[in-house]
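Have a look at the structure below before the remarks.
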Amino acid sequence: MNPRITRLAEKLPELSAEGIWITDETNVTYLTGFTGDSSSLLVTANGATMLSDGRYKEQLADECPGLNVAIKSPLQSQTDFFVDVLQSAVTDLAFEADSMTVAALDGLKKALPKTNWIPSEGIVLYQRSIKDEHEIEILRRAVDINQRALQSVLAKLVPDWTEAEMALELEATIRHLGASGFSFDPIIGAGPGGAKPHYSVGDIRLGDHACLLVDWGTKYQGYASDLTRCFHFGKPPERFNHAYQAVLDAQMAAIEAIRPGAKCSDIDAAARKVLQQAGLGDYFVHGLGHGVGLQIHESPRLSVVSEDILQVGQVITIEPGVYFEGDFGIRIEDDVLVTESGYQVLSTMPKGLDDCAVIL
229 MNPRITRLAE
239 KLPELSAEGI
249 WITDETNVTY
259 LTGFTGDSSS
269 LLVTANGATM
279 LSDGRYKEQL
289 ADECPGLNVA
299 IKSPLQSQTD
309 FFVDVLQSAV
319 TDLAFEADSM
329 TVAALDGLKK
339 ALPKTNWIPS
349 EGIVLYQRSI
359 KDEHEIEILR
369 RAVDINQRAL
379 QSVLAKLVPD
389 WTEAEMALEL
399 EATIRHLGAS
409 GFSFDPIIGA
419 GPGGAKPHYS
429 VGDIRLGDHA
439 CLLVDWGTKY
449 QGYASDLTRC
459 FHFGKPPERF
469 NHAYQAVLDA
479 QMAAIEAIRP
489 GAKCSDIDAA
499 ARKVLQQAGL
509 GDYFVHGLGH
519 GVGLQIHESP
529 RLSVVSEDIL
539 QVGQVITIEP
549 GVYFEGDFGI
559 RIEDDVLVTE
569 SGYQVLSTMP
579 KGLDDCAVIL
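When we follow the numbering used here, the leftmost residue of the sequence shown carries the number 229, and every step to the right adds one.
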């Protein structure tokens, strides 16, 4: 078994299980390297078996050499196929409760009445949160492409571009630099659009507003980066400078608090305290950040209510923001690696107040 599957198998005694059935496709990819879909993975102390169908036989051989594979016959139903593989494998079977429907579980319980089904949640997600050196290098590259792409696009912005046109130019540049595209639908908010934390893009002309918020990410070799920067064109609104500096100070306070063993809620509190002291606490309406990896939102979560503890090897976002409804929003976001001695900010794109000015 590969090291990732071996680490998962070592967790089976904690689950009081003889095996665990991985049905979340991203978790399957993480554990095996398989990039297809419609497949699952059975892990026991003695080995692992991929459950798939004939469409992926050749791909599985290429991407997962040495992995035992069970291929569904086109004459079988999905349930019959699962029963054939699972009933002879284990009696006490853990499963990913957050990726299986109630209806599917009920059907399997009826088909396998002697199986003891043990729900589990988050076991692979936690394992995924701690990156190895190879993953960290991929994430470094994803961040580098991300920031270089935006810097390139900023250099050729014109007032007549719409938010959507800027997004198209940004994605084309990301692809030109070697990535597969965006890691999520970008947020490019001119003026009031930037005051909506989960705004997308529209047909608003950039030159019609004084402020611009850009939250964008790159997918490189399957891994996601996530950054946010804010800009102004000409003279900024009256409260822009105060708000921007407060958000930047809040972000730096949070980053300085990052270390192995730190409570994620304490990191959030460090940023929130700065904004409260600046009179902007009520305008910070979301959590501070999240892990990144194969997915754009992963463990750990950084928020007031988070119970997560930072571990060496996790890569997290730190993204405080304030939003003035109908006017503009400010958010500053970087990707940060948790190291043995504290932290390393992976993104290097300038973010000082003087770096916000863009000439159209």
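The C-beta atom is built at its ideal place from N, Cα and C for all residues, glycine as well.
With a threshold of 16 other CB atoms inside 10 Å of the CB of residue i, please say whether the residue is buried or exposed.
i	result
P241	exposed
V386	exposed
S575	buried
L588	exposed
P347	exposed
H426	exposed
P548	buried
L503	buried
T456	buried
G489	exposed
D510	exposed
A245	buried
T251	buried
L303	exposed
K342	exposed
K300	buried
A585	exposed
G521	buried
A289	exposed
Would you check if the distance between the CB atom of residue i and the CB atom of residue j is smaller than 7 Å?
i	j	result
S531	D496	yes
E399	F410	yes
T272	G247	yes
A471	I416	no
L661	Q375	Lying before the first or after the last residue shown, residue 661 is absent from the chain, which here runs from 229 to 588.
H478	A499	Note that residue 478 is Ala in the sequence shown here, rather than His. Against a cut-off of 7 Å, the Cβ pair of A499 and A478 comes out as a contact.
V313	A298	yes
A332	L243	no
A423	F309	no
Y258	R368	no
G335	T307	yes
T446	A407	yes
V442	L508	no
P464	W444	no
R529	H518	yes
R487	G570	yes
Just to confirm the assignment, what range does the beta strand (DSSP E) spanning residue i have?
i	result
H525	No beta strand (DSSP E) holds H525; DSSP gives it neither H nor E.
D281	275 to 281
Y571	570 to 573
A322	320 to 324
V442	439 to 444
R433	That residue, R433, is in no beta strand (DSSP E); it is neither H nor E in DSSP.
Y607	Because the chain spans 229 through 588 in this model, residue 607 falls outside it and cannot be assessed.
A298	296 to 300
Hey, would you say the C-beta of residue i is under 6 Å away from at least one heavy atom of the ligand GDP?
i	result
G554	This structure simply doesn't include the ligand GDP, nor any ligand for that matter.
Can you list, in chain order, the residues of its chain with a C-beta nearer than 8 Å to that of residue i? Leave out the 5 residues immediately preceding and following it.
i	result
G430	T390, E391, A392, G421
I366	Y448, Q449, G450, Y451
A533	According to the sequence shown, residue 533 is Val rather than Ala. Excluding residues within five positions, the ones whose Cβ falls inside 8 Å are S493.
Q572	V564, L565
N296	G275, A276, T277, M278
L476	I560, K579, G580, L581
I373	I402, L405, G406, A407, T446, Y448, S453
P293	none
Which residue marks the beginning of the alpha helix (DSSP H) containing residue i, and which one marks its end?
i	result
G590	As shown, the chain starts at 229 and ends at 588. That puts residue 590 outside it, with no answer to give.
H404	391 to 404
Q287	285 to 291
Y475	Reading the sequence as shown, one finds Val at residue 475 and not Tyr. Note, V475: alpha helix (DSSP H), 468 to 484.
L503	492 to 505
I546	Taken as a continuous stretch (DSSP letters only), I546 belongs to no alpha helix (DSSP H), being part of the beta strand (DSSP E) at 543 to 546.
S267	Segment: none, S267 is in no alpha helix (DSSP H) and carries neither H nor E.
F461	Element bounds for F461: not the alpha helix (DSSP H) but the beta strand (DSSP E), 455 to 461.
F309	306 to 314
Using a Cβ-Cβ cutoff of less than 7 Å, which residues in the same chain neighbour residue i once the five nearest sequence positions on both sides are dropped?
i	result
S305	none
L267	This sequence places Ser at residue 267; Leu is not what is there. Result list for S267: V256, M278, L279, S280, Y284, in chain order.
D388	R433, G435
F505	In the sequence under discussion, the amino acid at residue 505 is Gln, which differs from the Phe named in the question. For Q505, where only same-chain residues beyond five positions count, there are no Cβ hits under 7 Å.
A229	Reading the sequence as shown, one finds Met at residue 229 and not Ala. Around M229: A237, G275, A276.
V318	E246, G247, T272
Apart from the five residues just before and just after residue i, which ones in its own chain have a Cβ nearer than 6 Å to its Cβ?
i	result
L236	V271
D265	E253
V371	S453, D563, L574, S575
H437	A418, G419
F412	G445, I524
_Would the stretch 454 to 469 count as touching the stretch 530 to 539 if we require 3 or more Cβ pairs under 8 Å?_
no
contact_flag[the stretch 377 to 397, the stretch 340 to 353] where n(CB pairs < 8 Å) is 3 or more:
no
Measuring CB atoms only, is the stretch 327 to 347 touching the stretch 522 to 529, in the sense that at least three cross pairs come out at less than 8 Å? As far as the Cβ criterion goes, the stretch 327 to 347 does not touch the stretch 522 to 529, which means the pair count is below three.
Open item on the list: Below 8 Å, how does it come out for the stretch 353 to 372 and the stretch 285 to 293: are there three or more Cβ pairs, yes or no?
Closed with: no
Could you tell me whether the stretch 543 to 552 touches the stretch 563 to 573, where touching means 3 or more Cβ pairs closer than 8 Å?
-> yes
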